[in-house]
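Only one structure is covered here, and it is reproduced in the block below.
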């Protein structure tokens, strides 16, 4: 039986506290790595990395099947980052997963680094596709998921995309194709941070109501707080129980906040591409640690 989005919200049991704590700790480390990388250049898409850290932690520390020592292992699940400018967050997650050495994060954005500011699959181990031209990730993910099924592979494809990519017709063509081909091995995660390069998403191109749109395209759709680890884990549990076994592609719509975990950055007016003063980086780290320790103590 396929549950509606509303029914799914109460379908899964609450994830075990130990599991939630483990993913929260991973998200904290991802945020910490992202701040350290941002300091190398003094600027960048740090806000998006902080906002998406819980999503990335849920994927890499709980969901993906992979071998850190062999990023090209055929049995791996595929994680596709459509939003190439989120690479700083992805590198942090790859370091958390042991695929990229933590020490290498210090080379972020530097000449001859394997970690360019926009994701490049030819440079970085664990980076499945090159991003940057938005709207192509889901099309690649659909083809990849279909190919894996034709090979009788049990691997899944998880595509991370942004709410800005919902402006692109290619995204919706891919969504339609995924439903047609009954790709139960495909999961999309949409970061809805309500911000694009040209301004607020609803002023650039209003795409709401997105839940109803995805449902009308035949996807098993859930909308959650993307900064709530427990909600993210429950969403994945729902997919495994009531969508994937029935050949239905799934999407998790994740409402997030740019700069999450660092109050100094959460309130920045110009938050899409941040320039952070030299003395502010340590303040950011201290705020991040204080917030995480305060949450862990509750």
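In our numbering, the protein residues as written are 2 to 299.
Don't be surprised by glycine CBs; every beta carbon is placed ideally from N, CA and C.
Here's the rule: buried if 16 or more other CB atoms are within 10 angstroms of the residue's CB, otherwise exposed. What is residue 103?
exposed
Limits of the beta strand (DSSP E) - the one that residue 159 falls within
Residues 158-163.
CB-CB length for residue 1 against residue 128, believed under 8 Å
Summary: the structure shown does not reach residue 1, with the chain confined to residues 2 through 299, and so no result is reported for it.
Helix, strand or coil for residue 259 per DSSP?
coil
So residue 149 is in the alpha helix (DSSP H); what residue range does that whole segment cover?
138-151
Distance between residue 149 and residue 304 (C-alpha atoms, nearest Å):
Not covered by the structure: residue 304. The range shown for the chain is 2 to 299.
With residue 191 as the anchor, note down where its beta strand (DSSP E) starts and where it stops.
187-193
DSSP three-state label for residue 118, please.
Three-state DSSP puts residue 118 in coil, outside helix and strand.
Out of 32, 22, 69, 43, state which residue places its alpha-carbon closest to the alpha-carbon of residue 278.
43
Hey, residue 266 and residue 260 are a contact pair by Cβ (cut 8 Å); roughly how many whole angstroms apart?
3 Å
Taking only the alpha-carbon atoms, compute the straight-line gap between residue 70 and residue 204 and give it to the nearest angstrom.
44 Å
Cα separation between residue 55 and residue 165?
19 Å
Using a Cβ-Cβ cutoff of less than 6 Å, which residues in the same chain neighbour residue 224 once the five nearest sequence positions on both sides are dropped?
212, 254
What is the DSSP secondary structure of residue 177, reduced to helix, strand or coil?
helix
Taking only three categories from DSSP, how would you classify residue 183?
coil
Do residue 41 and residue 110 count as a contact pair if the criterion is CB distance below 9 Å?
Yes, they are a contact pair.
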